[in-house]
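In UniProt numbering, the protein residues as written are 1 to 336.
No residue lacks a Cβ here, since even glycine has one placed at the ideal position from N, Cα and C.
Keep in mind the model is a prediction, meaning the values are calculated, not measured.
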Amino acid sequence: MYSQTKKIIDTQLNHNYPGVSYAIFDQQKWCPHFAGYQQLIPTPELVTKHTIFDIASLTKVVCTTTVLLQLLETNDIDLEKSIHFYLPDIKADSVTLRHLLTHTSMIQGFIPNRDSLSQPDLMTALKQLTPSPLIGKQVQYSDTNFIWLGFLLEKLFQQDLFSIFQKQVLDPLEMTHSFFNLPPTSLPLVAATEQHSNRGVIKGEVHDPKAFVLKQHCGSAGLFSSLTDLMLFTNMLLKNGQSPSGKTFLKEKTIQLLTQDHTPSRTLGRSLGWDLLRYENRTFLYHTGYTGTFLLVDPFNQQSFIFLSNALHPTNHRQAYLASRKLLLETYLHEI
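Take a look at the structure:
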């Protein structure tokens, strides 16, 4: 099964990404694969089943969205309420939680010297951003949406995000190889990302520049995880919200709602946190990560594709990777 998908990955390996861990779920079983190098420089290191990747924006759906779904189930948040209602220091009172979760807030604004700001100064600058008049009418993917949602979670839980995500997601789903602060013993298992002009070869530190500054206050990126742990997370979606121990982690109704369009007009093709990828008569939950990762899940038809690579290592050839990802997804979808 999926022979063409595997062939495409074998062809792309070394050309578009040095290493990959991926798994395809079909007919009620996972088929995991590991190939290539988790690091090329300064010394080559092979990918293994234990390799941990910087999953970048997959943090948005694995952690931030998941905790917000839990709060929706307990009626502790209201999608139609303004973010200003919860966080008065954010002045954008026309921006609702629905806008943020569906990337329809149209938040605009350039932050000068963003990457050189201190953590408090960057947090303050982010809170000053405002939406354009097209709010609610278009999708404009932005990290700021989920950074603001992260600030909301910290206000509600009175804890930092790393603590919230550990307690609410990683622990109950038994994701024991997922970290925000990597322990020294796990560093040899981490796939390297970009060779940065100031930071050198990035390994064991988050690649995303905003997450690098915000650290435990960033809801848009920052999680390191392994293929086996993301299989546990995806199993929860495939099993209608059930945790590995058999307990209800999310309600079945919540999983079903995820496959619907939740943009204000219900026509813009995004769910809560997730993108909706339509193929023939199917709807997949879909999300990507800048470092070379993506998750594709069809809870209704019980199929999934998890892809983790270190496409930025050692240099970022963004357009070539995006073209390779498009071809890979098309090949997979044709084979389902």
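Residue i in three-state terms, based on DSSP
{"i": "TYR17", "result": "strand"}
{"i": "GLU194", "result": "coil"}
{"i": "GLU252", "result": "helix"}
{"i": "PRO131", "result": "strand"}
{"i": "SER3", "result": "helix"}
{"i": "GLU73", "result": "helix"}
{"i": "VAL206", "result": "coil"}
{"i": "GLU280", "result": "coil"}
{"i": "GLU45", "result": "strand"}
{"i": "SER304", "result": "strand"}
{"i": "SER265", "result": "coil"}
{"i": "SER186", "result": "helix"}
{"i": "SER242", "result": "Ser is not the amino acid found at residue 242; the sequence shown has Gln there. DSSP places GLN242 in strand when its eight states are reduced to three."}
{"i": "SER116", "result": "helix"}
{"i": "THR220", "result": "Here residue 220 is Ser; the residue named in the question, Thr, does not match the sequence. Reduced to three states, the DSSP call for SER220 is coil."}
{"i": "PHE179", "result": "strand"}
{"i": "ASP121", "result": "helix"}
Contacting residues, own chain, Cβ-Cβ under 6 Å from residue i (five flanking each side not counted)
{"i": "PHE146", "result": "LYS60, THR64, GLY219, SER220"}
{"i": "HIS50", "result": "LEU189"}
{"i": "MET123", "result": "none"}
{"i": "SER82", "result": "ASP93, THR96"}
{"i": "LEU333", "result": "TYR279"}
Cα-Cα separation between residue i and residue j, rounded to whole angstroms
{"i": "THR193", "j": "ILE164", "result": "26 Å"}
{"i": "THR331", "j": "ALA125", "result": "42 Å"}
{"i": "MET175", "j": "ILE107", "result": "33 Å"}
{"i": "residue 338", "j": "ASP54", "result": "An answer regarding residue 338 cannot be provided, because it is not within the stretch 1 to 336 covered by the chain."}
{"i": "GLN39", "j": "GLY241", "result": "35 Å"}
{"i": "THR228", "j": "THR48", "result": "11 Å"}
{"i": "ARG270", "j": "VAL139", "result": "8 Å"}
{"i": "GLN143", "j": "LEU58", "result": "Checking the sequence shown, residue 143 turns out to be Asp, not Gln. Cα-Cα distance, rounded: 12 Å."}
{"i": "LYS239", "j": "PRO112", "result": "45 Å"}
{"i": "HIS317", "j": "TYR290", "result": "11 Å"}
{"i": "ALA79", "j": "THR11", "result": "Strictly speaking, residue 79 in this sequence is Leu, with Ala absent from that position. LEU79 and THR11: Cα-Cα distance of roughly 44 Å."}
{"i": "LYS251", "j": "GLU73", "result": "8 Å"}
{"i": "ASN14", "j": "LEU268", "result": "36 Å"}
{"i": "GLU154", "j": "LEU87", "result": "10 Å"}
{"i": "LYS326", "j": "PHE34", "result": "20 Å"}
{"i": "PRO299", "j": "TYR2", "result": "19 Å"}
Whether residue i touches residue j by CB criterion (9 Å)
{"i": "ASP208", "j": "ALA56", "result": "yes"}
{"i": "TRP30", "j": "LEU100", "result": "no"}
{"i": "LEU173", "j": "PHE233", "result": "yes"}
{"i": "SER324", "j": "TYR17", "result": "yes"}
{"i": "THR283", "j": "ARG98", "result": "no"}
{"i": "LYS137", "j": "SER265", "result": "yes"}
{"i": "PRO127", "j": "PHE162", "result": "According to the sequence provided, residue 127 is Lys. The question's Pro does not apply to it. Cβ atoms of LYS127 and PHE162: not closer than 9 Å."}
{"i": "THR259", "j": "LEU285", "result": "yes"}
{"i": "residue 337", "j": "GLN195", "result": "Given a span of 1 to 336 for the chain in the structure shown, any question on residue 337 remains unanswerable."}
{"i": "ALA311", "j": "GLY292", "result": "yes"}
{"i": "THR130", "j": "LYS167", "result": "no"}
{"i": "GLU19", "j": "SER309", "result": "The amino acid occupying residue 19 in the given sequence is Gly; Glu does not appear at that position. Taking 9 Å as the Cβ cut-off, GLY19 and SER309 qualify as a contacting pair."}
{"i": "LYS210", "j": "ASP121", "result": "no"}
{"i": "ILE202", "j": "ALA23", "result": "no"}
{"i": "LEU68", "j": "GLY273", "result": "yes"}
{"i": "THR5", "j": "LEU328", "result": "yes"}
According to DSSP, residues forming a beta bridge with residue i
{"i": "ALA35", "result": "VAL20"}
{"i": "ASP275", "result": "ARG270, TYR286"}
{"i": "VAL201", "result": "GLN195"}
{"i": "SER309", "result": "VAL20"}
{"i": "PHE294", "result": "THR288, PHE307"}
{"i": "THR64", "result": "According to DSSP, which records beta bridges pairwise, THR64 is partnered with nothing at all."}
{"i": "ILE107", "result": "PRO131"}
{"i": "THR96", "result": "SER82"}
{"i": "ASP26", "result": "LYS29"}
{"i": "PHE53", "result": "SER225"}
Cutoff 7 Å; reference residue i; Cβ partners in own chain excluding five residues on either side
{"i": "TYR141", "result": "HIS103"}
{"i": "LYS215", "result": "GLN119"}
{"i": "ASN301", "result": "ARG282"}
Same chain, Cβ closer than 8 Å to residue i, five either side skipped, listed in chain order
{"i": "LEU182", "result": "ILE52, VAL190, GLY204, PHE224"}
Residue i Cβ short of 8 Å to the ligand GDP heavy atom set
{"i": "THR263", "result": "What this structure holds is no ligand at all, so the ligand GDP is not there to describe."}
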